[in-house]
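Colleague: In my numbering, the protein residues as written are 293 to 568.
Each residue gets a CB set at the ideal place from its N, CA and C atoms; glycine is no exception.
Before we start, here is the structure in question, set down as structure tokens.
Here it is in structure tokens:
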């Protein structure tokens, strides 16, 4: 009886795994196939599974859009946001680790409030402030918005990893004559490299895929990739071929970064799981 129940559970688990795998890969397959279909094949009902692949959508994308500008803007925003958030988040986490007290502990817990509040709620006040100083319509406004949204969580995340750093390391550095900044750059950074790398990947992914701030704070000259994709979904007719092409090309950088940095991401996520 137990073996029969176990067999049922095994079949159920495999069926559930196949279902999740299909749900995760079907949108990717749909985007790739639409980008390689001609206009006639794209709007066929039912959709054609077998078709002659063409590169017309990619050619039209480079001819009729400012794809290079969109791509450059997204790279600028994502990289600048990641550098700012990781740098200031690490400094803030280092300060929380050094000055341990009840007030500092409460402050670190308050950082989670910034993550709990939906970031769309600060869109209007942030727009008013940035508009008064003349930054709306520029990439700087998007970088500020992305940084303000991700910095609290990034600080909380890195401070959690930093709390696992043995106090003996700080004492040894102090005995060796290291200043606090030298301790940070010579000891903390190398020790927490996987954790900092994993937090940087999360920030980069958020900034690259974010749409609300990018749409609210940019104009035609400063559109990012996400805004460009959203613009092609408007109008009377949706050009699914062009949307598929721009979606495929916009996914390449973040997939490439995730592929080469996955060892840092995995080790960073599991850094605090084992106490030694």
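#1: Determine, using beta carbons only, whether residue 479 and residue 489 come nearer to each other than 8 angstroms.
#2: Buried or exposed for residue 455, going by 16 or more other Cβ atoms inside 10 Å?
#3: Does the pairing of the region 482–502 with the region 420–432 give three or more beta-carbon distances under 8 angstroms?
#4: Compare the C-alpha of residue 350 against each of 486, 554 and 541 and name the closest.
#5: Is the region 468–486 close to the region 409–419, with three or more CB pairs under 8 angstroms?
#6: Quick check: the Cα distance between residue 386 and residue 448, rounded to an integer number of angstroms?
#7: Can you tell me whether residue 398 is buried or exposed, with buried defined as 16 or more other CB within 10 angstroms of its CB?
#8: Mapping the DSSP letters down to three states, classify residue 409 as helix, strand or coil.
#9: Quick one, which of 545, 531 and 453 has its alpha-carbon nearest residue 501's?
#10: Starting from the N-terminal side, write out each stretch of the alpha helix (DSSP H) that is 4 residues or longer and does not extend beyond the region 444–475.
#11: Could you compute how far the alpha carbon of residue 552 sits from the alpha carbon of residue 322?
#12: From residue 405 to residue 463, what distance separates their C-alpha atoms?
#13: Between the beta-carbon of residue 419 and the beta-carbon of residue 508, is there less than 8 angstroms?
#14: What do you reckon, are the CB atoms on residue 443 and residue 377 nearer than 8 angstroms?
#15: Can you tell me whether residue 314 is buried or exposed, with buried defined as 16 or more other CB within 10 angstroms of its CB?
#16: Does residue 306 pass the burial test, meaning 16 or more other C-beta atoms within 10 Å, or should it be called exposed?
#17: Taking only runs of the alpha helix (DSSP H) that begin and end inside the region 512–541, which ones reach a length of at least 4 residues, in chain order?
#18: Under the three-state reduction of DSSP, which class applies to residue 441: helix, strand or coil?
#19: When DSSP labels each residue in this structure, what does residue 305 get in the three-state scheme?
#20: Here's the rule I'm using: 16 or more other beta-carbon atoms within 10 Å means buried, otherwise exposed. How should residue 531 be labelled?
#21: Assuming residue 612 contacts residue 519 under a Cβ cut-off of 8 angstroms, what Cβ separation, rounded to an integer in Å, is found between them?
#22: Determine whether the beta carbon atoms of residue 506 and residue 457 lie at a separation below 8 angstroms.
#23: I'd like to know if residue 424 contacts chain E, where contact means its C-beta is closer than 8 angstroms to some C-beta of that chain.
#24: Could you check where the alpha helix (DSSP H) with residue 508 kicks off and where it finishes?
#25: Taking buried to mean at least 16 other C-beta atoms within 10 Å of its own C-beta, is residue 373 buried or exposed?
Modeller: From the atom records:
#1: Sequence index remark: in the chain shown, residue 479 carries index 187 (1-based). Sequence index remark: in the chain shown, residue 489 carries index 197 (1-based). No, these two residues do not count as a Cβ contact at 8 angstroms.
#2: Here residue 455 refers to the residue found at position 163 when the chain shown is read from its first residue. Result: exposed.
#3: no
#4: Stepping through the chain shown from its first residue, residue 350 is reached at position 58. The shortest C-alpha separation from residue 350 is found at 541.
#5: no
#6: Position 94 of the chain shown, counted from the start, is the residue given in the question as residue 386. Position 156 of the chain shown, counted from the start, is the residue given in the question as residue 448. Looking at the two C-alpha atoms, the distance is approximately 11 angstroms.
#7: Here residue 398 corresponds to residue number 106 of the chain shown, with the count starting at 1. Result: exposed.
#8: Counting from 1 along the chain shown, the entry for residue 409 is found at position 117. Coil, per DSSP.
#9: For the purposes of this step, residue 501 is taken as residue 209 along the chain shown, with counting starting at 1. The shortest Cα separation from residue 501 among 545, 531 and 453 belongs to 545.
#10: 459–467 and 472–475
#11: For this step, residue 552 is matched to residue 260 along the chain shown. For this step, residue 322 is matched to residue 30 along the chain shown. In a straight line, the C-alpha of residue 552 is about 25 angstroms away from that of residue 322.
#12: In the chain shown, the residue the question calls residue 405 occupies position 113. In the chain shown, the residue the question calls residue 463 occupies position 171. Spanning the two alpha carbons is a distance of roughly 33 angstroms.
#13: Position 127 of the chain shown, counted from the first residue, corresponds to residue 419. Position 216 of the chain shown, counted from the first residue, corresponds to residue 508. Cβ distance < 8 angstroms, so residue 419 and residue 508 count as in contact.
#14: Counting from one through the chain shown, the residue named residue 443 turns up at place 151. Counting from one through the chain shown, the residue named residue 377 turns up at place 85. Cβ distance < 8 angstroms, so residue 443 and residue 377 count as in contact.
#15: As a position in the chain shown, residue 314 is number 22, starting the count at 1. That one is exposed.
#16: Within the chain shown, the letter at position 14 stands for residue 306. Residue 306 comes out exposed.
#17: 517–523
#18: Counting from 1 along the chain shown, the entry for residue 441 is found at position 149. Helix, per DSSP.
#19: Taking the chain shown and counting its residues from 1, one reaches residue 305 at position 13. Reduced to three states, the DSSP call for residue 305 is helix.
#20: On the chain shown, residue 531 is found 239 positions in, with the first residue counted as 1. Residue 531 comes out buried.
#21: Absent from the structure is residue 612, since the part of the chain shown begins at 293 and ends at 568.
#22: The count along the chain shown starts at 1 and reaches residue 506 at position 214. The count along the chain shown starts at 1 and reaches residue 457 at position 165. Not closer than 8 angstroms, so no.
#23: Considering every chain present, this structure includes no chain E. It has just one protein chain.
#24: Sequence index remark: in the chain shown, residue 508 carries index 216 (1-based). Per DSSP, residue 508 belongs to the alpha helix (DSSP H) from 504–509.
#25: For the purposes of this step, residue 373 is taken as residue 81 along the chain shown, with counting starting at 1. So residue 373 ends up on the buried side.
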